[in-house]
Amino acid sequence: MTDTSDAGIGLPMVWPGIISVDGDIMALAGSHCPACGRFDFPADNLCRDCDTLTNNTSLGHTGRIFSVTTIRTKAPFGLPTPYSVAFVDLDDVPLRLFALMDPDAAEAFIGMPVCLSVKPLGINSQGENCLRPVFGTLDRAG
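Numbering (this note's numbering), first residue to last: 164 to 305.
In structure tokens, the structure reads:
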């Protein structure tokens, strides 16, 4: 598995090291504690529960929306207004994370299957255009 800083588009990721690529599959890059089994995103060197050294791991690229809301006030970091955020339960590991929803995807709803993608969206902390991981609709039948 390798890290990608530009996902082939020539822009930096909003935060380095948060996405990994294995063949054609892009996934969230996180960590796993071998002692207590905790998963974290983004990756952390030490487990937040037991202070054991962690291993870097892929957290997968699909999940289901646990909760979702749309924010209609002025967005930070050049994000479009309105924008939606969700808590997503990942399919591959027992982890719920806070995620930005794809502004071009269909309206999100609780229980909806979602898939990770990376797209040019907003600016980073240096004020540069950047890529962001977003979750959007997933056709599980296809």
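For each residue, glycine too, the CB sits at the ideal point set by N, CA and C.
These numbers were taken from a predicted model, which means no experiment stands behind them.
Original post:
Between the C-alpha atoms of V297 and C213, what's the straight-line distance to the nearest angstrom?
Top reply: As a working note, residue 297 is residue 134 in the sequence shown. As a working note, residue 213 is residue 50 in the sequence shown. About 30 angstroms.
Subject >> Beta-bridge pairing of I182 - partner residues as DSSP gives them >> reply: Taking the sequence shown and counting its residues from 1, the one referred to as residue 182 is at position 19. Paired residues: L191.
**OP:** In angstroms with no decimal places, state the Cα-to-Cα distance between T215 and A198.
**Re:** Here residue 215 refers to the residue found at position 52 of the sequence shown. Here residue 198 refers to the residue found at position 35 of the sequence shown. Approximately 7 angstroms, taken between the alpha carbons.
Original post:
For G173, which three-state DSSP category applies?
Top reply: As a working note, residue 173 is residue 10 in the sequence shown. Three-state DSSP puts G173 in coil, outside helix and strand.
Original post:
From F202, I181, R201 and G186, pick the residue whose C-alpha is nearest to that of D192; which is it?
Top reply: Mapped onto the sequence shown, residue 192 falls at position 29. The question names Asp, yet the displayed sequence has Ala at residue 192. Taking only the C-alpha atoms, the option nearest A192 is I181.
Original post:
Is it true that the CB of V277 sits closer than 8 angstroms to the CB of M189?
Top reply: Here residue 189 refers to the residue found at position 26 of the sequence shown. Here residue 277 refers to the residue found at position 114 of the sequence shown. No, they are not a contact pair.
Original post:
Between P205 and L174, what straight-line distance do the alpha-carbon atoms span, to the nearest angstrom?
Top reply: Within the sequence shown, numbered from 1, the residue matching residue 205 stands at position 42. Within the sequence shown, numbered from 1, the residue matching residue 174 stands at position 11. Roughly 20 angstroms between the two C-alpha positions.
Subject >> S230 to E291 span [Cα, whole Å] >> reply: For this step, residue 230 is matched to residue 67 along the sequence shown. For this step, residue 291 is matched to residue 128 along the sequence shown. Cα to Cα, the separation comes out at about 30 angstroms.
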